[in-house]
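Peer 1: Here the protein sequences line up with chains A and B, keeping their order.
Numbered per the numbering used here, the first sequence finishes at 910, counting up by one with no gaps.
Numbered per the numbering used here, the second sequence finishes at 910, counting up by one with no gaps.
Note that the Cβ used here is the ideal one computed from N, Cα and C, for glycine as well.
Here the structure is a predicted model, which is why all the values come from computation and not from measurement.
Shown below is the structure under consideration.
There are 2 protein chains.
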Amino acid sequence: MPNPITAGRRHYEDLSNGERIALGPRKVTKRDIVAFATEFDPFPFHLDEKAARQSLLGGLAASGWQTGALSLRMLVDEFLSKVASMGGLGFTDLKWKKPVMKNDTISGTATITALRRSQTHPEMGILTLALDMRNQKGQQVMTLNLANLVEVRDPTAPILEDAHEEPAQ
Amino acid sequence: MPNPITAGRRHYEDLSNGERIALGPRKVTKRDIVAFATEFDPFPFHLDEKAARQSLLGGLAASGWQTGALSLRMLVDEFLSKVASMGGLGFTDLKWKKPVMKNDTISGTATITALRRSQTHPEMGILTLALDMRNQKGQQVMTLNLANLVEVRDPTAPILEDAHEEPAQ
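In structure tokens:
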């Protein structure tokens, strides 16, 4: 029976390897930085301008986790909210390349890098996305690869091995 | 010149491979879940109990990123705030093993799994931590490996190759 919540959304079958989704832009203010850091990452270089200037970062910088959470929000707005997502599995290789400083504007792209059906749960597909987040100067601030479960519209369709994936080397 | 902010904190030299840090506990309420999801991960299964019961998760569940952010906060409180941390580099292999449901209590451990001096920046050490987060039933909810920069107290000390690491196989 179709899920009434996800019926109108893009399913596994509607996604294509290589699809690119634009994310953002979003300006990150001092207020944003201090609010997030106060709750989750209370370090002087995320909370206090004077301490921040004396740190390796050289000024008030967002928690790397805030960059992650803001990027997630962009991904939900631009993509995941239109997809029959069943939740995230995790991610690999998150790298903070450069700090996000006060009043930086971040934006980026998410690229579908793999799509495969679950072997054990035919109603589920596994979507892999590569995120490339940059500041207003075009400098990379964060990269990561995210794996997410997506509903398959027709779970009775045969599972084609590696149908959407790169050939194994 | 010693950094006045980090002078009293544990430096690279004070850390030991295998050290374990207890994290939490922290109860995750409906209010916590909805507030975080509203800002960063606005999916029905993080926002609305009825929609959540119809989802794969079977009930109101925290965003996996909230589990991450709450674990970070525990790590700051119990460990990083006492360490001369210079910021995070990123992490590998974050896995959400089980959802964190409304009113679950999460706790866990962080274990130092590697310590090495930077070859290019003698004043910096790289600390690797493995996080193992569990719910009140002892079930794993999230694991990840985190890399963080830590100040070296004596940058003039020779960099001993793999002094703190497992022997290369």
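(1) For the alpha helix (DSSP H) containing V817/B, name the first residue and the last one.
(2) Taking the alpha-carbon positions, what's the E864/B to K839/A distance?
(3) Below 9 Å between beta carbons is the criterion; list the residues of the stretch 776 to 805 of chain A that meet it against any residue of chain B, in chain order.
(4) For E906/B, collect the residues of the same chain with a Cβ closer than 8 Å to its Cβ; drop the 5 residues on either side in sequence, then sort them by chain order.
(5) My output table needs one value for R794/B: the three-state DSSP class, helix, strand or coil.
(6) Against chain D, with Cβ distances strictly below 7 Å, would M827/A count as a contact?
(7) For the candidate residues A763/B, L821/B and G805/B, whose alpha-carbon lies nearest to that of N889/A?
(8) Can we count Q795/A as close to the ligand MG, meaning its CB is less than 6 Å from some heavy atom?
(9) If we call anything under 7 Å between Cβ atoms a contact, is L801/A one with A793/A?
(10) When the cut-off is 7 Å and only beta carbons count, does Q910/B lie next to chain A?
(11) Counting C-beta neighbours from all protein chains within 10 Å, is the total for L870/B 16 or more, i.e. buried, or is it exposed?
(12) Would you tell me roughly how many angstroms separate the C-alpha atoms of I853/A and T779/B, rounded to the nearest one?
(13) Starting from D834/A, trace the beta strand (DSSP E) in both directions and tell me its first and last residue.
(14) How is the alpha helix (DSSP H) around R772/B delimited, first residue to last?
(15) Figure out for me which residue from D895/A, D773/A and Q795/A has the closest Cα to the Cα of D755/A.
(16) Based on Cα-Cα distance, which residue from Q795/A, Q860/A and T850/A lies nearest to L901/A?
(17) L901/A lies in the alpha helix (DSSP H); which residues open and close that run?
(18) Does the Cβ-Cβ distance between A851/B and L872/B come in under 7 Å?
(19) For G879/B, does the count of other Cβ atoms within 10 angstroms reach 16, so buried, or fall short, so exposed?
(20) Is the beta carbon of K823/B sitting closer than 7 Å to the one on R751/B?
(21) Under 9 Å Cβ-Cβ, which residues of chain A neighbour A810/B?
(22) Against chain A, does I853/B count as a neighbour if the rule is that its beta carbon must be under 7 Å from one of theirs?
(23) Closest to T884/B by CA distance: which of H862/B, E892/B, P899/B and V841/B is it?
(24) Using 7 Å as the limit for Cβ to Cβ distance, is L813/B near chain A?
(25) Given a cut-off of 7 Å, decide if F786/A and S796/A are closer than it, judged by their beta-carbon atoms.
(26) I need the straight-line Cα distance from R761/A to L821/A, nearest angstrom please.
(27) Please name the residue in I746/B, G809/B and L788/B whose C-alpha comes closest to that of R767/B.
(28) Could you tell me how far apart the beta carbons of L887/B and E819/B are, in whole angstroms, since I believe they sit closer than 8 Å?
(29) Spell out the partners DSSP gives V891/B in its beta bridges.
(30) Along the stretch 835 to 849 of chain B, what residues have a CB closer than 9 Å to any CB found in chain A?
(31) So with CB distances below 9 Å, who are the chain A contacts of V817/B?
Peer 2: For this structure:
(1) G805 to E819
(2) 19 Å
(3) F777, E780, F781, D782, P783, F784, P785, F786, A792, Q795, S796, L797, L798, A802, S804 and G805
(4) Here E906/B scores only 45 on pLDDT, less than 50, and its place in the model is too uncertain to base an answer on.
(5) helix
(6) The chain labelled as chain D is not found among the protein chains of the depicted structure, namely A and B.
(7) G805/B
(8) Inclusion of the ligand MG in the displayed structure is not the case, the ligand content being empty and no account of it being possible.
(9) yes
(10) Unreliable placement is indicated for Q910/B, whose pLDDT of 37 sits below 50; no coordinate value is reported for it.
(11) buried
(12) 25 Å
(13) S826 to W837
(14) K771 to F781
(15) D895/A
(16) Q860/A
(17) Per DSSP, L901/A belongs to no alpha helix (DSSP H) and is neither H nor E.
(18) yes
(19) exposed
(20) yes
(21) F777, E780, F781, D782, S804, W806, Q807, G809 and A810
(22) no
(23) V841/B
(24) yes
(25) yes
(26) 13 Å
(27) G809/B
(28) About 14 Å; that fails the 8 Å criterion.
(29) S826/B and G866/B
(30) L835, K836, W837, K838 and P840
(31) F781, D782, P783 and F784
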